[in-house]
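Asker:
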Amino acid sequence: MTVWAGVDIGNATTEVVLCCDRDVVAAGRTPTRGGKGSLRAIQGAAQLIRRLADKHGLTVERAAFAPTPPVHSTVERVRLPAQRTGRLAIALRSAATTAGDAAGVGVPVPVERLPSADPSRAVIACAAAEFGYAEVAARVNEAVAAGCEIAAVLTANDEAVLVSNRLTSALPVVDDVDIERVLAATLVAVEVREGMSPLQRLTDPFWLADVFALGDEERADARAVADQLFDSVCAVVTLDAEAAPDEPASAPELPGGPAHIVPLSDIAAAANARRGSVAVDSLVMATMGGDDASPADADVLAEALGVPVTRIDSEAAAARAGALTTPGLPAEVVVVDVGGGTVDVVAGGDRVVLPGAGQLLTTATATALDISTSAAEYAKRAEAVTAVTVQLVEDEHGRRRFLDTPIDGRSTGWLLTAAPSGLLPFTAAMVAAEWRSWRLAAKRLVIGGNVTRGVQQVGADAAAVLLVGGGAGDDELVRALAERLGHDISVGRGNVAGELGHRFAVAYGLVVLATDTDSSCTTHP
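See below:
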């Protein structure tokens, strides 16, 4: 029996299988060094083969390899122009604390000038940071007793409840407000709702048009503001004397070549995300380009190993050959190799490589949550837990468990994801159910959208899709793709040779093809 080594050098990792003829004896992988197609990558693969052979007491006699240049994919974020709202502006849409349950409209007036305010007009009392809660409440109470009509109280400090508890009349109070910005406006509308109630007035474009006396040409501005405030429980909207000057918004530069573009607003809409919980003002895109340099060929691997190497011309054919050794497959199946940068879709003799896979999902997550790329890399993968206390967490299904080691108290209330160093806090802007909905929607649109395009191009009549590659290890991706492709297409994960799982499709497929290949394709050391 001949001992074969199947060698798959990828952009990120190198996989190797050792087989006695086609019977798998060992398998292993290592990070690709020096880049796919490089001499250093060949040397790294040869070292991995020798380690595996020594560990299992084997002598490798033949190898199979598909020299392939790397496919470079680039992922980036493009910020979209802000939506114009004319003379209207949202000064605040959430606050640390609020008090009251009402809406009010008035002219902004500093608390120190309340005694001289026009008694015929409602006012919004505005307290800068130098005014403490006791003084703010005292000044407002004095003004109310003197006949001043105060519609709401805004303070720069985190003291809304302290102020409200000392007021003699019930008023909406909002803190953490940019007082200088509010005082520059001609008119201000404030709304606060308690308990589970969302905003009612500031989300009504007709109410906004009425209280701000907007003209017909400004109704679209009111509509835009109202739409942005859905799901908020407090907000401050200002009316300026005139709209800010229009700045020419340059359209985002989109690539002309192969690209996958996903607006974050589409993900938020698919997840029915709360307004303000995730960023929607950007799009993320992946582009792709090849490498003009020729990859290191089979003769280099033959020299490094000292054994004959059979050169396979098509890596895609090898991926399909390896994937099709998965038990239980139907006669016709489309093989999808999900990597970090690209999605490779193979059906019969047709193949398409599309940019946009795991790396694009990471960028979308980091941008939407405004977190680091490294945190997003872990957060995107699987379910999160909520830190209820320093030692009690709740998962996305409502199940609670105690941790063996307490977490930092500052992480209480945050979502936590599994990382090599332990539980990693990554956002407090969403609850677990919201994060689950957004994460699954992102996988459907980012990766599911790409796979759908590829299947339509090479296997429009496919009844089954088989996932292989590193991305196939994501349990939620199988669900996301099944939902995206519909009930008529079965979606499953590869189990190469019935035992290797989803990662070794190319490596094992090379051995399958090599054992059927004419010896003229073999390079000798």
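First residue of the sequence shown: 1, per the UniProt record's numbering; consecutive thereafter. Note that CB positions come from ideal geometry on N, CA and C, so glycine has one too.
If I measure Cβ to Cβ from serine 519 and keep anything under 7 Å in the same chain, skipping five residues before and after, which residues do I get?
Answerer: Taking the first residue of the sequence shown as 1, we reach residue 519 at position 519. Residue placement at serine 519 is flagged as unreliable, the pLDDT there being 47, under the threshold of 50; a coordinate-derived value is accordingly withheld.
Asker: Can you list the beta strand (DSSP E) stretches of 3 or more residues lying completely in the stretch 24-77, in chain order?
Answerer: Every unbroken stretch of the beta strand (DSSP E) spanning 3 or more residues and falling wholly within the stretch 24-77 is given here in chain order: 62-65.
Asker: If we ignore side chains and look at the alpha-carbon of each, how far apart do alanine 507 and glycine 459 end up?
Answerer: One-based indexing of the sequence shown puts residue 507 at position 507. One-based indexing of the sequence shown puts residue 459 at position 459. Taking the straight line joining both Cα atoms gives about 24 Å.
Asker: Going by DSSP, what residue range makes up the alpha helix (DSSP H) through proline 210?
Answerer: In the sequence shown, counting from the first residue as 1, residue 210 sits at position 210. The sequence shown places aspartate at residue 210, rather than the proline named in the question. Here the alpha helix (DSSP H) through aspartate 210 covers 205-211.
Asker: Can the beta-carbon of valine 496 be found closer than 9 Å to that of alanine 5?
Answerer: Translated into positions along the sequence shown, residue 496 becomes position 496. Translated into positions along the sequence shown, residue 5 becomes position 5. No, Cβ-Cβ distance for valine 496 and alanine 5 is not below 9 Å.
Asker: May I have a chain-ordered list of the alpha helix (DSSP H) segments no shorter than 4 residues that lie completely inside the UniProt domain "DD-reactivating factor swiveling" (96-237)?
Answerer: Considered as a whole, the UniProt domain "DD-reactivating factor swiveling" (96-237) harbours 133-145, 160-164, 179-183, 205-211 and 219-228 as its complete alpha helix (DSSP H) runs of no fewer than 4 residues, in chain order.
Asker: With C-beta atoms as the reference, is threonine 238 less than 9 Å away from alanine 428?
Answerer: For this step, residue 238 is matched to residue 238 along the sequence shown. For this step, residue 428 is matched to residue 428 along the sequence shown. Contact flag unset, no.
Asker: Drop a sphere of 10 angstroms on the beta-carbon of glutamate 194, count the other beta-carbons inside from all chains shown, and report buried for 16 or more, exposed for fewer.
Answerer: Here the question's residue 194 lines up with position 194 in the sequence shown. Label assigned to glutamate 194: exposed.
Asker: Looking only at its chain, what residues have a beta carbon closer than 7 Å to the beta carbon of serine 265, apart from the 5 residues adjacent to it on each side?
Answerer: Taking the sequence shown and counting its residues from 1, one reaches residue 265 at position 265. Result list for serine 265: Val280, in chain order.
Asker: What first and last residue would you give for the alpha helix (DSSP H) that runs through threonine 373?
Answerer: Taking the sequence shown and counting its residues from 1, one reaches residue 373 at position 373. 373-379 is the span of the alpha helix (DSSP H), which, as asked, contains threonine 373.
Asker: For serine 164, which residues of its own chain have a beta-carbon under 7 Å away from its beta-carbon, when the five flanking residues on both sides are left out?
Answerer: Taking the sequence shown and counting its residues from 1, one reaches residue 164 at position 164. Closer than 7 Å at Cβ, skipping near neighbours: Ala99, Gly100 and Val173.
Asker: For serine 372, which residues in the same chain have their Cβ closer than 8 Å to its Cβ, ignoring the five residues on either side in sequence?
Answerer: To locate residue 372, count along the sequence shown from 1; it is residue 372. Excluding residues within five positions, the ones whose Cβ falls inside 8 Å are Ala366.
Asker: Please state whether DSSP places glutamate 396 in a helix, a strand or coil.
Answerer: Mapped onto the sequence shown, residue 396 falls at position 396. DSSP, read as helix, strand or coil, puts glutamate 396 in coil.
Asker: Compare the beta carbon distance of arginine 22 and threonine 515 with 9 Å and say whether it is the shorter of the two.
Answerer: Within the sequence shown, numbered from 1, the residue matching residue 22 stands at position 22. Within the sequence shown, numbered from 1, the residue matching residue 515 stands at position 515. Going by C-beta atoms, arginine 22 is nearer than 9 Å to threonine 515.
Asker: Since I believe threonine 14 is in contact with leucine 48 (beta carbons under 8 Å), could you give me their beta-carbon distance rounded to a whole number of angstroms?
Answerer: Numbered from 1 along the sequence shown, position 48 holds the residue referred to as residue 48. Numbered from 1 along the sequence shown, position 14 holds the residue referred to as residue 14. Yes, leucine 48 and threonine 14 are in contact; Cβ-Cβ is about 6 Å, under 8 Å.
Asker: By Cβ distance, which residues of its chain are closer than 8 Å to proline 42, with the 5 residues on each side in sequence left out?
Answerer: In the sequence shown, residue 42 corresponds to position 42, counting from 1. According to the sequence shown, residue 42 is isoleucine rather than proline. Hits under 8 Å: Ile9, Ala296, Val300, Leu301 and Ala304.
Asker: How would you call valine 511, buried or exposed, if buried means at least 16 neighbouring beta carbons within 10 angstroms?
Answerer: Mapped onto the sequence shown, residue 511 falls at position 511. So valine 511 counts as buried.
Asker: From what residue to what residue does the beta strand (DSSP E) around arginine 351 run?
Answerer: Translated into positions along the sequence shown, residue 351 becomes position 351. Arginine 351 -> beta strand (DSSP E) spans 350-355.
Asker: With respect to the alpha helix (DSSP H) encompassing tryptophan 4, which residues constitute its N-terminal and C-terminal limits?
Answerer: For the purposes of this step, residue 4 is taken as the residue at position 4 of the sequence shown. Not the alpha helix (DSSP H): tryptophan 4 falls in the beta strand (DSSP E), residues 3-9.
Asker: Classify asparagine 272 as buried or exposed, calling it buried when 16 or more other Cβ atoms lie within 10 Å of its own Cβ.
Answerer: Numbered from 1 along the sequence shown, position 272 holds the residue referred to as residue 272. Exposed, because fewer than 16 other Cβ atoms sit within 10 Å of the Cβ of asparagine 272.
Asker: What whole-angstrom Cβ distance do alanine 316 and aspartate 344 have, given they're in contact under 8 Å?
Answerer: Taking the first residue of the sequence shown as position 1, residue 316 is located at position 316. Taking the first residue of the sequence shown as position 1, residue 344 is located at position 344. In this structure alanine 316 touches aspartate 344 by the C-beta definition: roughly 7 Å separates them, less than 8 Å.
Asker: DSSP on methionine 288, reduced to helix/strand/coil?
Answerer: On the sequence shown, position 288 is the one that residue 288 refers to. Strand at methionine 288.
Asker: Note down, one range per segment and in chain order, each beta strand (DSSP E) of at least 3 residues found wholly within the stretch 449-504.
Answerer: Complete beta strand (DSSP E) runs here, min 3: 464-468 and 490-493.
Asker: For proline 263, which beta-bridge partners are listed by DSSP?
Answerer: Along the sequence shown, read from residue 1 onward, the residue named residue 263 stands at position 263. Partner(s): Leu283.
Asker: What does a CB cutoff of less than 7 Å around alanine 419 pick up in its chain, not counting 5 residues either side in sequence?
Answerer: As a first step, residue 419 must be located in the sequence shown, where it is residue number 419. Closer than 7 Å at the Cβ level, and outside the excluded window around alanine 419, lie Tyr378.
Asker: Give me the residue from Ser421, Thr405 and Thr389 with the minimum Cα distance to glycine 413.
Answerer: Start at 1 with the first residue of the sequence shown, and residue 413 comes out as number 413. Here the closest residue by C-alpha is Thr389.
Asker: Since alanine 442 and alanine 364 should fall inside the 8 Å C-beta cutoff, what is the C-beta to C-beta distance between them, to a whole number of angstroms?
Answerer: The residue you call residue 442 lines up with position 442 of the sequence shown. The residue you call residue 364 lines up with position 364 of the sequence shown. Contact flag correct, Cβ pair sits at about 6 Å.
Asker: Are alanine 91 and valine 182 touching if we call contact CB-CB under 9 Å?
Answerer: Within the sequence shown, the letter at position 91 stands for residue 91. Within the sequence shown, the letter at position 182 stands for residue 182. In contact: alanine 91 and valine 182 (Cβ atoms closer than 9 Å).
Asker: Return yes when the Cβ of valine 333 is within less than 9 Å of the Cβ of alanine 472, no when it is not.
Answerer: On the sequence shown, residue 472 is found 472 positions in, with the first residue counted as 1. On the sequence shown, residue 333 is found 333 positions in, with the first residue counted as 1. It is not a contact, given that the beta carbons lie outside the stated cut-off.
Asker: Counting Cβ pairs, one atom from each stretch, are 3 or more of them under 8 Å apart for the stretch 150-158 and the stretch 114-124?
Answerer: yes
Asker: Name the two residues that bound the continuous alpha helix (DSSP H) containing valine 300.
Answerer: To locate residue 300, count along the sequence shown from 1; it is residue 300. Element bounds for valine 300: 298-305.
Asker: What is the C-beta distance between alanine 323 and glycine 498, in whole angstroms, given that I count them as a contact (C-beta under 8 Å)?
Answerer: Working through the sequence shown from its first residue, we reach residue 323 at position 323. Working through the sequence shown from its first residue, we reach residue 498 at position 498. 12 Å between Cβ atoms; not a contact.
Asker: Is glutamine 83 closer than 9 Å to alanine 184 when the C-beta atoms are compared?
Answerer: For the purposes of this step, residue 184 is taken as residue 184 along the sequence shown, with counting starting at 1. For the purposes of this step, residue 83 is taken as residue 83 along the sequence shown, with counting starting at 1. No.
Asker: Got a sec? Which residues, its chain only, sit under 6 Å from aspartate 350 by beta carbon, not counting five neighbours each side?
Answerer: In the sequence shown, counting from the first residue as 1, residue 350 sits at position 350. For aspartate 350, where only same-chain residues beyond five positions count, the Cβ hits under 6 Å are Val458.
Asker: Could you say which of Val177, Thr386, Thr287 and Asp475 lies nearest to alanine 433 if we only look at CA atoms?
Answerer: Reading the sequence shown from its first residue, position 433 is the one you call residue 433. The shortest Cα separation from alanine 433 among Val177, Thr386, Thr287 and Asp475 belongs to Thr386.
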